[in-house]
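J.: Residue numbering for the sequence shown is 1 to 214, as defined by the UniProt record's numbering. Beta carbons are placed, not taken as given, at the ideal position from N, Cα and C, and that holds for glycine.
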Amino acid sequence: MDLSESTVRDRARAYAETEPLYDVERQHVETVPKTFAGDEYGRRDAQWIVRWYFRRYLGEYPDRERREREDAFRDNDFGDVIDALDAALDALDAGDPDGDAPSDEGSDAPADGDRDVDAALSALTALGGVDVAVASAFCQFLAPSRFVAIDRRTWAVLVAAGELDGDYPDPPSAADYRRFDDACRAVMDRTGVDAWTLYRALWRSFEGVSGGSP
Numbered sequence: 001m002d003l004s005e006s007t008v009r010d011r012a013r014a015y016a017e018t019e020p021l022y023d024v025e026r027q028h029v030e031t032v033p034k035t036f037a038g039d040e041y042g043r044r045d046a047q048w049i050v051r052w053y054f055r056r057y058l059g060e061y062p063d064r065e066r067r068e069r070e071d072a073f074r075d076n077d078f079g080d081v082i083d084a085l086d087a088a089l090d091a092l093d094a095g096d097p098d099g100d101a102p103s104d105e106g107s108d109a110p111a112d113g114d115r116d117v118d119a120a121l122s123a124l125t126a127l128g129g130v131d132v133a134v135a136s137a138f139c140q141f142l143a144p145s146r147f148v149a150i151d152r153r154t155w156a157v158l159v160a161a162g163e164l165d166g167d168y169p170d171p172p173s174a175a176d177y178r179r180f181d182d183a184c185r186a187v188m189d190r191t192g193v194d195a196w197t198l199y200r201a202l203w204r205s206f207e208g209v210s211g212g213s214p
């Protein structure tokens, strides 16, 4: 498995051409940082990210678990959701649409890593239905130039490329996400792409990794 700059960019473009959710994902990548930094968002805006984490598998994720997570998140008091998102935004230094919304091909200089990921994960996982994996999806949309959501597929591709080792931790801990994030940052630093570009390349590359479930 090769994660050279040319391969990452080619696979990210292939993702854009083939993935059915790409257009709506791109719209959210461009709007979520500004939306959640403001005061005019609703429960459904936050629910979309939780739904996205499971529904991007296009039916391959176990339906019962998906429904349980979505229902648990919906049952959170919306004030608690707002507080968690505010804390995550502060921890990630996110919310600036110019600073956090990536270009389609990725930036030449990935965003710096001086962001308190642990604090963001802690705030988000205090919500029902949100574990570290789902919290990482919030991080990806709150600061899309910087963070990649952790899952079996993105993890497996990094392992196959020699950027990470070990089986996917199910469920991942905050320490697991930091290790995953370090691997993503290493690839971004080497290739000059941003996290949104890397995410698309990793997800698209999974079809070339033998075995594995969603």
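I believe L121 touches Y53 by the beta-carbon criterion, under 8 Å. Please report the beta-carbon distance rounded to the nearest angstrom.
T.: Position 121 of the sequence shown holds residue 121. Position 53 of the sequence shown holds residue 53. Not quite, the Cβ-Cβ distance comes to about 14 Å (not below 8 Å), so this is no contact.
J.: Relative to the C-alpha of L198, which residue among D170, R55, R179 and T154 is closest?
T.: Here residue 198 corresponds to residue number 198 of the sequence shown, with the count starting at 1. L198 has its Cα closest to that of T154, out of D170, R55, R179 and T154.
J.: At the level of alpha carbons, what is the spacing between T7 and D77?
T.: Start at 1 with the first residue of the sequence shown, and residue 7 comes out as number 7. Start at 1 with the first residue of the sequence shown, and residue 77 comes out as number 77. T7 and D77: Cα-Cα distance of roughly 44 Å.
J.: In whole angstroms, give me the CA-to-CA distance for R69 and R11.
T.: As a working mapping, residue 69 is identified with position 69 in the sequence shown. As a working mapping, residue 11 is identified with position 11 in the sequence shown. Computed Cα separation, rounded: 30 Å.
J.: Hey, how far is the Cα of V130 from the Cα of V81?
T.: Within the sequence shown, residue 130 is the residue found at index 130, counting from 1. Within the sequence shown, residue 81 is the residue found at index 81, counting from 1. Each residue's alpha carbon lies about 11 Å from the other.
J.: With distance defined between alpha-carbon atoms, name the residue in A137, A156 and A186 nearest to M1.
T.: Working through the sequence shown from its first residue, we reach residue 1 at position 1. Here the closest residue by C-alpha is A156.
J.: Does the region 188-204 come into contact with the region 132-150, if we say contact requires no fewer than three beta-carbon pairs (one atom in each stretch) closer than 8 Å?
T.: Yes, the region 188-204 touches the region 132-150.
J.: Sorted by chain position, which residues of the same chain lie with C-beta nearer than 6 Å to T191's C-beta, five sequence neighbours on each side aside?
T.: Residue mapping note: residue 191 aligns to position 191 of the sequence shown, counting from 1. The residues are E5 and V8.
J.: Return the chain-ordered list of same chain residues with a C-beta closer than 7 Å to the C-beta of A94, the five sequence neighbours on each side being excluded.
T.: Here residue 94 refers to the residue found at position 94 when the sequence shown is read from its first residue. Cβ within range, chain order: P33, D100, L142 and A143.
J.: Can you tell me whether DSSP reads R56 as helix, strand or coil?
T.: Position 56 of the sequence shown, counted from the first residue, corresponds to residue 56. Note: R56 maps to coil in three-state DSSP.
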